[in-house]
Every structure is written in C-alpha cells, then in structure tokens.
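The block underneath contains the structure these notes are about, expressed in structure tokens.
Residue numbers (our numbering): 8 to 278.
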C-alpha cells in the first residue's frame with residue numbers, strides 16, 4: 008500500500024494552501040526587492056533580511072490555518088513541534104544573497120512532511136510567477152502543466168548546476184576541485200545561487216543534474232520531491248536513498264546519475 012493511501016487526509020488537499028502561502032510570501036519579497044534592506048549576517052556567513060522574516064510570517068500564518076496540527080521547521084526560527092505527525096518545512100527566501108544584490112534568482116520553498124516522508128512540495132519563483140508543485144505519486148507540474156526531466160543520456164552533452172559552501176574552509180577547495188574536473192567533462196556548469204531553483208530547473212529538464220553539500224532540509228525538501236515526481240533520481244553522493252537531513256544531494260534526470268555519482272562521490276566522502 009502506498010504511503011499516500013495511509014495518510015489520514017488527502018495529500019493533494021495540502022497543495023492549495025501551500026500555493027496560497029507561497030504566493031503571499033512572493034508578494035512580500037517583491038515589495039522588498041531592489042529596496043533598501045536591513046541586512047545581518049547569520050552564523051555560517053549566510054544573510055537574513057526583514058524580507059526573509061516578513062515572508063516567513065506570511066507563510067506560517069496561512070499554513071497554521073490550513074493544518075493547525077502540523078509542526079514547523081523553518082530557516083529563520085527554531086523548530087516548532089506540532090500535535091500530530093506532520094511538519095511544514097519552509098524556506099521563505101531561498102537565494103537571500105541573490106535577493107540582496109538584486110539578482111532575480113530567488114524563490115519560496117515549502118514542503119509538507121508526514122512521518123519523515125515528504126508528501127507535497129511547492130516552489131514559487133516570484134519574478135517569473137512560476138509555481139512548481141508536486142504531490143507524492145502524482146507527478147510534477149509548472150503552472151499546472153506536467154513537467155519531466157531531460158532526456159540527456161551523455162555527461163558530455165549535459166548542463167549541470169551546483170552550489171558552494173559559505174564557509175571558507177577545506178570544503179570550498181574540495182568543491183572547486185570537483186567543479187573544475189566536471190567542467191572538463193560536461194557541456195557547462197551553472198551556479199545560480201538557489202538550491203531550490205536548481206532542483207526545480209532540473210525537474211523541468213533545463214538542467215540535467217545538480218549536486219551540492221552543506222545544505223539544510225528547507226533548501227531541498229520541496230525540490231527533491233519535484234525531481235523525483237518528474238522522473239528523476241535523487242540520492243546522496245554515494246548513491247544511497249536521499250535523506251533531507253544528510254546535508255548532501257545528487258539529483259539528476261536518472262540517465263546520468265551513475266556517471267555523475269562516480270565523478271562527484273570521490274570528492275565528497277563524509278569526514
């Protein structure tokens with residue numbers, strides 16, 4: 008029996024309030040975009056602004072009304088446990104550094120989790136008004152049109168995407184070494200600066216694969232489901248089942264997964 012058949016509610020019923028919450032947060036972000044911001048640096052060198060906080064408030068307010076029994080795991084606040092087995096996983100502004108500098112690659116990411124399984128995800132790119140949605144077992148969609156991963160079958164023909172750690176430590180050098188090696192194998196690599204959008208663009212077939220480490224659950228929860236529901240494959244760097252708490256992700260169109268894993272994995276063994 009499928010997990011969605013065991014839920015005490017229809018997973019699809021979560022989609023509408025998630026979309027509404029994401030759109031409300033998107034309006035908040037657009038109201039602050041290219042305006043003077045109060046910026047502070049978080050531990051680990053990430054940035055946070057009043058836009059992050061206001062967008063998070065807009066999301067939480069709406070989702071509490073939709074499912075009052077769900078807990079919350081968000082980027083900007085401590086985890087709040089709910090009365091039930093569900094949890095919202097929220098990044099109100101993925102790509103804050105881009106946002107601060109006026110680079111329009113940022114988004115809102117919301118996932119619904121039930122007993123450790125992501126059952127629904129929404130990513131909203133407010134600049135383009137693109138809404139990505141996925142419900143477990145029901146496919147992935149962009150603005151209500153079904154999407155699927157690319158058909159690319161050779162790494163040399165692929166367009167890949169990645170991200171780098173904020174921390175200027177040994178991991179950055181390792182990541183750059185891997186980037187350099189892959190640059191000589193694939194067609195090109197992009198670094199947009201938003202893991203959630205990297206995953207959304209992999210799901211829709213723009214990118215053929217994405218890898219990154221040192222990520223948090225709110226960065227990848229919704230996007231990983233999108234890729235899987237679009238026909239892609241998502242694992243850790245060793246090819247093991249994906250875990251949103253594992254801090255590393257390899258997401259591809261499935262055809263390139265083994266080849267990309269063999270190239271990436273030696274550089275990213277856990278210490």
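Beta carbons are placed, not taken as given, at the ideal position from N, Cα and C, and that holds for glycine.
Secondary structure of residue i, DSSP reduced to three states
{"i": "residue 124", "result": "strand"}
{"i": "residue 35", "result": "helix"}
{"i": "residue 116", "result": "strand"}
{"i": "residue 134", "result": "coil"}
{"i": "residue 179", "result": "helix"}
{"i": "residue 230", "result": "helix"}
{"i": "residue 147", "result": "strand"}
{"i": "residue 156", "result": "coil"}
{"i": "residue 47", "result": "strand"}
{"i": "residue 68", "result": "helix"}
{"i": "residue 172", "result": "coil"}
{"i": "residue 40", "result": "coil"}
{"i": "residue 276", "result": "Residue placement at residue 276 is flagged as unreliable, the pLDDT there being 47, under the threshold of 50; the coordinate-derived value follows with that caveat. Looking at residue 276 - three-state DSSP - the assignment turns out to be coil, as it is neither helix nor strand."}
{"i": "residue 17", "result": "coil"}
{"i": "residue 74", "result": "coil"}
{"i": "residue 161", "result": "coil"}
Selected residue, minimal CA-CA separation from residue i, among the options
{"i": "residue 134", "options": "40, 183 and 256", "result": "40"}
{"i": "residue 29", "options": "17, 186, 264 and 139", "result": "139"}
{"i": "residue 110", "options": "102, 117 and 116", "result": "102"}
{"i": "residue 203", "options": "108, 91, 115 and 17", "result": "115"}
{"i": "residue 35", "options": "168, 99, 230 and 108", "result": "99"}
{"i": "residue 32", "options": "132, 44, 210 and 270", "result": "132"}
{"i": "residue 120", "options": "136, 96 and 48", "result": "96"}
{"i": "residue 226", "options": "148, 128 and 154", "result": "128"}
{"i": "residue 179", "options": "219, 189, 251 and 152", "result": "219"}
{"i": "residue 285", "options": "171, 239 and 145", "result": "In the structure displayed, the chain extends from 8 to 278; residue 285 sits before or after that span and is not available."}
{"i": "residue 189", "options": "136, 269, 252 and 67", "result": "269"}
{"i": "residue 17", "options": "78, 181, 237 and 144", "result": "144"}
{"i": "residue 238", "options": "199, 216 and 200", "result": "216"}
{"i": "residue 85", "options": "76, 91, 67 and 72", "result": "67"}
{"i": "residue 81", "options": "46, 94, 73 and 123", "result": "94"}
{"i": "residue 163", "options": "137, 125 and 195", "result": "195"}
{"i": "residue 43", "options": "83, 27 and 107", "result": "107"}
{"i": "residue 182", "options": "221, 147 and 137", "result": "221"}
{"i": "residue 250", "options": "53, 113, 89 and 125", "result": "125"}
{"i": "residue 228", "options": "71, 123 and 49", "result": "123"}
Sheet register partners of residue i (DSSP bridge)
{"i": "residue 92", "result": "Partner(s): none; residue 92 has no beta bridge."}
{"i": "residue 139", "result": "130 and 149"}
{"i": "residue 101", "result": "114"}
{"i": "residue 107", "result": "Bridge partners of residue 107: none, in fact."}
{"i": "residue 79", "result": "87 and 95"}
{"i": "residue 195", "result": "166"}
{"i": "residue 56", "result": "46"}
Exercise. Would you check if there are 3 or more beta carbon pairs closer than 8 Å linking the segment 158-173 to the segment 260-267?
Key: yes
Quiz prompt | Stretch-stretch touch, CB-based, cutoff 8 Å, three pairs: the segment 54-66 with the segment 16-24 | solution = no
Quiz item: So, do the segment 206-213 and the segment 225-235 have three or more beta carbon pairs nearer to each other than 8 Å?
Solution: Touching, yes.
Exercise. Return the chain-ordered ranges of every alpha helix (DSSP H) run that is complete within the segment 199-268 and spans a minimum of 4 residues.
Key: 202-210 and 224-236
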